[in-house]
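**Q** These protein sequence lines are chains P and G, in that order. With positions in the first sequence counted from 1, the corresponding number in the numbering used here is that position plus 7. With positions in the second sequence counted from 1, the corresponding number in the numbering used here is that position plus 20. Ideal Cβ placement from N, Cα and C applies to all residues, glycine included. These numbers come from a predicted model, not from an experiment.
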Amino acid sequence: MTARAATGLDVAPAGGEGHRTLWHDAARRFLRNRLAVFGLAIVFLFLFLALFADLVAPFPYDKVYFDRVLRFPFELPGHPLGTDEVGRDYLSRLIYGARTSMTVGIAVQLVAFLVGVPLGSLAGYAGGRTDFVISRFIDTMTAFPGLMFSILIISVWGGGITKVIFALSITSWIGIARLTRGQILSLREKEYVEAARCTGVSQNRIILRHLLPNALTPILVSISFGIPAAIFGEAGLSFLGIGINDPIPSWGKMVGVSNAYVRVYWHLALFPTIAVALAMLGFSFVGDGLRDALDPKMIE
Amino acid sequence: MARYILGRILSLILVLFVVSVVTFFLMHQVPGGPFDETKAPLPPAAKENILRKYGLDKPIHIQYLNYMKNAVLHFDFGIPYQQPTTTVTALIAKSWKVTAQVGVMTVLLAFGAGITLGIYAAYHQNSWIDNVTTFIAMLGITVPSFVVAMWLILFFAVRLDWLPMGGWNASDSCLVGSAFVCTDWIMPVVAYAIGPLAIIARYTRSSVVDVMRQDFTRTARAKGLGNRAIMLRHVLRNALIPMVTALGVIIPNLLTGSIFIEAVFRINGLGKFFVTSIFNRDYPMIMALFLLIAFLWSLTYLFTDVIYTWIDPRVRLGAEGGA
Numbered sequence: 008m009t010a011r012a013a014t015g016l017d018v019a020p021a022g023g024e025g026h027r028t029l030w031h032d033a034a035r036r037f038l039r040n041r042l043a044v045f046g047l048a049i050v051f052l053f054l055f056l057a058l059f060a061d062l063v064a065p066f067p068y069d070k071v072y073f074d075r076v077l078r079f080p081f082e083l084p085g086h087p088l089g090t091d092e093v094g095r096d097y098l099s100r101l102i103y104g105a106r107t108s109m110t111v112g113i114a115v116q117l118v119a120f121l122v123g124v125p126l127g128s129l130a131g132y133a134g135g136r137t138d139f140v141i142s143r144f145i146d147t148m149t150a151f152p153g154l155m156f157s158i159l160i161i162s163v164w165g166g167g168i169t170k171v172i173f174a175l176s177i178t179s180w181i182g183i184a185r186l187t188r189g190q191i192l193s194l195r196e197k198e199y200v201e202a203a204r205c206t207g208v209s210q211n212r213i214i215l216r217h218l219l220p221n222a223l224t225p226i227l228v229s230i231s232f233g234i235p236a237a238i239f240g241e242a243g244l245s246f247l248g249i250g251i252n253d254p255i256p257s258w259g260k261m262v263g264v265s266n267a268y269v270r271v272y273w274h275l276a277l278f279p280t281i282a283v284a285l286a287m288l289g290f291s292f293v294g295d296g297l298r299d300a301l302d303p304k305m306i307e
Numbered sequence: 021m022a023r024y025i026l027g028r029i030l031s032l033i034l035v036l037f038v039v040s041v042v043t044f045f046l047m048h049q050v051p052g053g054p055f056d057e058t059k060a061p062l063p064p065a066a067k068e069n070i071l072r073k074y075g076l077d078k079p080i081h082i083q084y085l086n087y088m089k090n091a092v093l094h095f096d097f098g099i100p101y102q103q104p105t106t107t108v109t110a111l112i113a114k115s116w117k118v119t120a121q122v123g124v125m126t127v128l129l130a131f132g133a134g135i136t137l138g139i140y141a142a143y144h145q146n147s148w149i150d151n152v153t154t155f156i157a158m159l160g161i162t163v164p165s166f167v168v169a170m171w172l173i174l175f176f177a178v179r180l181d182w183l184p185m186g187g188w189n190a191s192d193s194c195l196v197g198s199a200f201v202c203t204d205w206i207m208p209v210v211a212y213a214i215g216p217l218a219i220i221a222r223y224t225r226s227s228v229v230d231v232m233r234q235d236f237t238r239t240a241r242a243k244g245l246g247n248r249a250i251m252l253r254h255v256l257r258n259a260l261i262p263m264v265t266a267l268g269v270i271i272p273n274l275l276t277g278s279i280f281i282e283a284v285f286r287i288n289g290l291g292k293f294f295v296t297s298i299f300n301r302d303y304p305m306i307m308a309l310f311l312l313i314a315f316l317w318s319l320t321y322l323f324t325d326v327i328y329t330w331i332d333p334r335v336r337l338g339a340e341g342g343a
């Protein structure tokens, strides 16, 4: 606490509970942004579907009705979005598909955060040889063709949701590591950090209490954009026929399969593409909103 | 400058070396080999012969050294197991022709339309065309290309039946030869271009808006220059500079093609081999594709950095250690 007082961080008005913090301000700005709120609503809807798919979906995702193969929407009562090529309820599969997408999107970014932030901070703060090694590692990883690398990894270890998360995580941390390094590098030279160092604050504490919180904003924004990227990655791999294995539903896989039926059975292609697009739009709106809300300098 | 470029080229070689090692050892981890037949297994002696022919009977590090020796010294990347009658170089050259066709048209559309829209939107801020551009940019950036491709197919091929569903240079309008635009091209190029187009439009807009607020633009206006002269001589010149780095990165992606676009529209380009080579354990082809992409990317990064200093002398390379 003494160290914090010495750095001058605690000169905020002593207004008790009512004082405005960065997060209060950001939340207010975020909620005033209609597009961001709309995006947040979409994200919550998909998260809700993902969590409570078992309660919401009218049928199990893998229940096959051999007498109801390839029916159009509303052709049969009880199948409002029709059935797929082996007679499974399409609406139920879309709902369970949200679970796949959300799981992959969030898990991949979690890994990216847990790997990228420590590596980036280390490189940025330690500098010298450590920085050199980590930076060259990052550069080399950047040169790898990400999608192809994921395909290769999945063919080594096989498909399935955990493997997909693993394959996408391998390249997902690079951007965050680079971003964190840059942030730490520029913050390291600030006066308040020097002040903290002079008063004998330990290195870990400087990184955790002084550098990272100030570097967090762009990292958060980067993660909110990383989630739709990971969703896209999963959808893409599954679209190509690798990635999520049957019978687990995945929007990307549904789009890929629908390609063969598109001339007649348009609904197979239409609904999962709308789901993918909506999910990605939702997360991107939230990301845009977060960026504008967290960075007051952006607003003129 | 020369020293900087030399250093960058050395680090490029290092990167390619690492990519080659990782790819080589990783792809040999893929279960199964290229000549494992499940339906009609080869007699053991025959299989042994084939393995010996391709050098697959040797220890893996020897295989790697042999591969690199041929690749570096003789520019020989081996024989694709998928089509043993040709060479990897020839196969890539052949399929790249189609991919490059798609890519070049996509680059033209994305940059042409993207920059035009961006400039127009910046110049008429908050007009309807600005709003339309913002909307297109948002959609293009967020929605994956294969989703856009499916929507185009659903609307223009299935619903309206105006355009062919897929193929490349396959429909009648392409065979006639007199047609300026082959209808096969329209949907793949539009679906592929919309993403980069959106990014370019957004970048151009914000960059131009930024420069329009600068003092030197105000000075130009104050001294009585016409709108056109201000736009061309002062605004655009400065606005397009920061875009070089951002946009240079898009080009190698476009030139190596999109796995998704080629899959949706059944185009026989390079993208197809990304997946089939790994499925078929086609080791030489996998190596060549990985090295090709890594090379193109690293080269583009280098080029954009060098071009940047050339068009904007204010930037000095290597001053910050060239990270």
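1) CB residue 311 of chain P to CB residue 175 of chain P, shorter than 8 Å?
2) Measure the alpha-carbon distance for residue 34 of chain G versus residue 230 of chain G and round it to whole angstroms.
3) How is residue 136 of chain G classed by DSSP in three states: helix, strand or coil?
4) Hey, does residue 234 of chain G have any beta-carbon neighbour from chain P nearer than 8 Å?
5) Quick one: Cα of residue 228 of chain G to Cα of residue 102 of chain G, how far?
6) So, helix, strand or coil for residue 206 of chain P, using DSSP?
7) If the cut-off is 8 Å on Cβ atoms, which residues from the stretch 215-240 of chain P count as contacting chain G, listed in chain order?
8) Given that a residue counts as buried once 16 or more other Cβ atoms are within 10 Å of its Cβ, and exposed if not, what is residue 41 of chain G?
9) Can you find a C-beta in chain P that's less than 8 Å from the C-beta of residue 49 of chain G?
10) For residue 231 of chain G, which residues in chain P fall below 8 Å Cβ to Cβ?
11) From the DSSP output, which residues share a beta bridge with residue 90 of chain P?
12) Can you find a CB in chain G that lies within less than 8 Å of the CB of residue 163 of chain P?
13) Under the three-state reduction of DSSP, which class applies to residue 82 of chain P: helix, strand or coil?
14) Would you identify the three-state DSSP class for residue 70 of chain P, choosing helix, strand or coil?
15) Run the CB neighbour count on residue 205 of chain P, radius 10 Å, all protein chains shown included, and call it buried at 16 or more, exposed below.
16) Taking C-beta pairs closer than 8 Å, name the residues in chain G that residue 287 of chain P reaches, listed in chain order.
17) Could you have a look at residue 83 of chain G and say whether DSSP puts it in helix, strand or coil?
18) Assign residue 152 of chain G to buried or exposed, taking buried as 16 or more other Cβ atoms, counted over all protein chains shown, within 10 Å of its Cβ.
19) Check this for me: beta carbons of residue 170 of chain G and residue 177 of chain G, under 8 Å apart or not?
20) Quick check on the DSSP output: the alpha helix (DSSP H) that includes residue 59 of chain P runs from which residue to which?
21) Have a look at P/31, P/184, P/288 and flag the residue whose alpha-carbon is nearest the alpha-carbon of residue 225 of chain P.
22) So if I threshold CB-CB distances at 9 Å, which residues from the stretch 64-92 of chain P count as touching chain B?
23) With a 10 Å radius around its C-beta and 16 neighbouring C-beta atoms as the bar for buried, classify residue 21 of chain G as buried or exposed.
24) Using a Cβ-Cβ cut-off of less than 8 Å, list which residues of the stretch 301-318 of chain G approach chain P; keep chain order.
25) Taking C-beta to C-beta, are residue 130 of chain P and residue 141 of chain P nearer than 8 Å?
26) Answer yes or no: does any C-beta atom of chain P fall closer than 8 Å to that of residue 25 of chain G?
27) Compute the distance between the beta-carbons of residue 260 of chain G and residue 316 of chain G, then report whether it is under 8 Å.
28) Any residues in the stretch 266-297 of chain G with a beta carbon nearer than 7 Å to a beta carbon of chain P? Which ones, in chain order?
29) Between the alpha carbons of residue 39 of chain G and residue 150 of chain P, how many angstroms are there, rounded?
30) Using C-beta distances below 7 Å, list every residue in its chain close to residue 205 of chain G, excluding the 5 sequence neighbours before and after it, in chain order.
31) Less than 8 Å between the C-beta atoms of residue 71 of chain P and residue 93 of chain P, yes or no?
32) Would you be able to state if there are at least three C-beta pairs under 8 Å between the stretch 258-277 of chain P and the stretch 93-108 of chain P?
33) Could you check which residue in G/127, G/118, G/232 has the C-alpha nearest to that of residue 252 of chain G?
34) Helix, strand or coil for residue 256 of chain P per DSSP?
35) Can you give me the Cβ contacts of residue 84 of chain G inside the same chain, cut-off strictly under 6 Å, excluding the 5 residues immediately before and after it?
**A** The answer reads as follows:
1) Here chain P comprises residues numbered 8 to 307, so residue 311 of chain P is not present and cannot be evaluated.
2) Here residue 34 of chain G is taken as the residue at index 14 of the second sequence, counted from 1. Here residue 230 of chain G is taken as the residue at index 210 of the second sequence, counted from 1. One C-alpha to the other measures close to 38 Å.
3) On the second sequence, position 116 is the one that residue 136 of chain G refers to. Reduced to three states, the DSSP call for residue 136 of chain G is helix.
4) The residue you call residue 234 of chain G lines up with position 214 of the second sequence. Answer no: the Cβ-Cβ gap between residue 234 of chain G and chain P never drops below 8 Å.
5) For the purposes of this step, residue 228 of chain G is taken as residue 208 along the second sequence, with counting starting at 1. For the purposes of this step, residue 102 of chain G is taken as residue 82 along the second sequence, with counting starting at 1. One alpha carbon belongs to residue 228 of chain G, the other to residue 102 of chain G, and they sit about 50 Å apart.
6) Start at 1 with the first residue of the first sequence, and residue 206 of chain P comes out as number 199. Reduced to three states, the DSSP call for residue 206 of chain P is coil.
7) 235, 239
8) Looking up residue 41 of chain G in the second sequence gives position 21. Classification for residue 41 of chain G: exposed.
9) To locate residue 49 of chain G, count along the second sequence from 1; it is residue 29. Yes, its Cβ sits closer than 8 Å to a Cβ of chain P.
10) Sequence index remark: in the second sequence, residue 231 of chain G carries index 211 (1-based). Ordered by position in chain P, no residue passes the 8 Å Cβ test against residue 231 of chain G, which lies about 15 Å from the chain.
11) Translated into positions along the first sequence, residue 90 of chain P becomes position 83. Paired residue(s): P/96.
12) What you label residue 163 of chain P is simply residue 156 of the first sequence in a count that begins at 1. It does: the Cβ of residue 163 of chain P has a partner Cβ on chain G nearer than 8 Å.
13) Residue numbering aside, residue 82 of chain P sits at position 75 when the first sequence is read from its first letter. Residue state, collapsed to three classes: coil.
14) Position 63 of the first sequence, counting from 1, holds the residue named residue 70 of chain P. In this structure, residue 70 of chain P counts as coil in the three-state DSSP scheme.
15) Indexing the first sequence from 1 puts residue 205 of chain P at position 198. Looking at its Cβ environment, which holds fewer than 16 other Cβ atoms inside 10 Å, residue 205 of chain P is exposed.
16) Along the first sequence, one-based indexing puts residue 287 of chain P at 280. Within chain G, the residues near residue 287 of chain P are 162, 163, 164.
17) Counted from its first residue, the second sequence places residue 83 of chain G at position 63. Three-state result, residue 83 of chain G: helix.
18) Mapped onto the second sequence, residue 152 of chain G falls at position 132. The residue in question, residue 152 of chain G, is exposed, as its Cβ has fewer than 16 Cβ neighbours within 10 Å.
19) For this step, residue 170 of chain G is matched to residue 150 along the second sequence. For this step, residue 177 of chain G is matched to residue 157 along the second sequence. Not a contact, by the Cβ cut-off of 8 Å.
20) The residue you call residue 59 of chain P lines up with position 52 of the first sequence. No alpha helix (DSSP H) contains residue 59 of chain P, which DSSP labels as neither H nor E.
21) The count along the first sequence starts at 1 and reaches residue 225 of chain P at position 218. The residue with the shortest Cα to Cα distance from residue 225 of chain P is P/184.
22) Looking at the structure shown, chain B is missing, and the protein chains on hand are P and G.
23) As a first step, residue 21 of chain G must be located in the second sequence, where it is residue number 1. Classification of residue 21 of chain G: exposed, given that the 10 Å Cβ count is below 16.
24) Flagged, chain order: 306, 309, 310, 313, 314, 317, 318.
25) Within the first sequence, the letter at position 123 stands for residue 130 of chain P. Within the first sequence, the letter at position 134 stands for residue 141 of chain P. Cβ atoms of residue 130 of chain P and residue 141 of chain P: closer than 8 Å.
26) Taking the second sequence and counting its residues from 1, the one referred to as residue 25 of chain G is at position 5. Judged by the 8 Å Cβ criterion, residue 25 of chain G is not in contact with chain P.
27) Here residue 260 of chain G is taken as the residue at index 240 of the second sequence, counted from 1. Here residue 316 of chain G is taken as the residue at index 296 of the second sequence, counted from 1. For residue 260 of chain G and residue 316 of chain G, no; Cβs fall outside 8 Å.
28) 279, 280, 283, 284, 294, 295
29) Counting from one through the second sequence, the residue named residue 39 of chain G turns up at place 19. Counting from one through the first sequence, the residue named residue 150 of chain P turns up at place 143. Between residue 39 of chain G and residue 150 of chain P, the C-alpha separation is close to 8 Å.
30) For the purposes of this step, residue 205 of chain G is taken as residue 185 along the second sequence, with counting starting at 1. Result list for residue 205 of chain G: 125, in chain order.
31) Looking up residue 71 of chain P in the first sequence gives position 64. Looking up residue 93 of chain P in the first sequence gives position 86. Yes, the Cβ-Cβ distance between residue 71 of chain P and residue 93 of chain P is below 8 Å.
32) yes
33) Position 232 of the second sequence, counted from the first residue, corresponds to residue 252 of chain G. Nearest C-alpha to residue 252 of chain G: G/232.
34) If you number the first sequence from 1, residue 256 of chain P lands on position 249. Residue 256 of chain P falls in the coil class under three-state DSSP.
35) If you number the second sequence from 1, residue 84 of chain G lands on position 64. Closer than 6 Å at the Cβ level, and outside the excluded window around residue 84 of chain G, lie 44.
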